[in-house]
Amino acid sequence: MKIAPVIALLLCGLLLSGCSEEKDATPPAPYALTEEAMGRYCGMNVLEHPGPKGQIIMSQIPEPIWFSSARDTLAFTMLPEEPKDIAAIYVSDMAKATTWEEPGADNWIDARLAFFVIGSGLRGGMGTDEAVPFSTRDAADKFAGEHGGRVVSFEEVPRDYVLGSTTDDAERQNTPENFVEPGKGQTNG
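In mature numbering (1 follows the signal peptide of the UniProt record, and there is no 0), the protein residues as written are -22 to -1, 1 to 167.
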């Protein structure tokens, strides 16, 4: 038996299998928020911060990278020094949040599909203006009507809104005490 044709056949098979490798289109599921979740940028427990949270799951890392705010989550995707092999990006769905302080452990929305309210003046986890995420346009519009701001998609969130400084005290008219869950009236304060 000639070994060269067998080796050639095996090599062709390996080359073809490498060329036809398809990426799985289904993103990994979000993780539940627990007390072990530490923020990527602050190094603190994510649950210690008010407002929407975020998590990013990388292609080659089994655990999520946690963020104390939706804004920090968006920043990760914009910063050139951060890895780009992102498998999934999730943010808290504030339409399902109990309160501003308790956005929920399991109510995640794919950030790329979320509607964000920017410019409302509500402060997120690290005291900066938040990009408040919602799963539906109606919930985002209702929130913007009650708290100000405008509704944008993931792609429309301005880079300078996320990466710039927004700590002007004059803009702090909306506080977590004034957060109203869309459709439910006053929830705290």
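Think of the CB as a built atom: it goes at the ideal place given N, C-alpha and C, for glycine as much as any other residue. If you're wondering where the values come from, they're calculated on a predicted model, not measured in any experiment.
{"Query": "CB-CB length for residue 168 against ARG90, believed under 8 Å", "Result": "Nothing can be reported for residue 168, as the shown portion of the chain is limited to -22 through 167."}
{"Query": "C-alpha distance - PRO8 paired with ASN85, whole-angstrom precision", "Result": "9 Å"}
{"Query": "Residues that SER70 bridges to, as DSSP identifies them", "Result": "TRP86"}
{"Query": "Counterpart residues of ASP81 in DSSP-defined beta bridges", "Result": "Here residue 81 turns out to be Pro, not Asp, going by the sequence shown. BP columns for PRO81 are empty, so no partner."}
{"Query": "Stretch-stretch touch, CB-based, cutoff 8 Å, three pairs: the segment 40 to 48 with the segment 24 to 32", "Result": "yes"}
{"Query": "Any beta strand (DSSP E) of 3 or more consecutive residues that is wholly inside the segment 87 to 148", "Result": "93 to 96, 110 to 112 and 128 to 131"}
{"Query": "Which of helix, strand or coil DSSP assigns to GLY163", "Result": "At GLY163, the pLDDT of 48 sits below 50, so the modelled position is not reliable and the matter cannot be decided from this model."}
{"Query": "Nonlocal neighbours in the same chain, by C-beta distance under 8 Å from ILE64, ignoring five residues either side", "Result": "ILE34, ILE35, MET36, SER37 and THR55"}
{"Query": "Backbone CA spacing between ASP146 and VAL135 [nearest angstrom]", "Result": "Residue confidence for ASP146 is low, a pLDDT of 45 falling below 50, so the modelled location carries little weight; the figure read from the coordinates is stated next. Their Cα atoms are separated by approximately 19 Å."}
{"Query": "Same chain only: Cβ atoms within 6 Å of GLU79, ignoring 5 sequence neighbours per side", "Result": "PRO28"}
{"Query": "Spatial distance of ALA15 from ALA83 (CA atoms)", "Result": "11 Å"}
{"Query": "Distance, ASP50 Cα to GLY99 Cα", "Result": "16 Å"}
{"Query": "Opening and closing residue of the alpha helix (DSSP H) in which MET56 lies", "Result": "48 to 56"}
{"Query": "Alpha-carbon spacing of THR77 relative to GLY123, whole angstroms", "Result": "18 Å"}
{"Query": "Local Cβ density within 10 Å of GLY167, reported as buried at 16 or more and exposed below that", "Result": "Residue placement at GLY167 is poorly supported in this model, since its pLDDT is 39, which falls under 50; the coordinates are not used for a value here."}
{"Query": "Exposure label - ILE39; buried when at least 16 CB within 10 Å", "Result": "exposed"}
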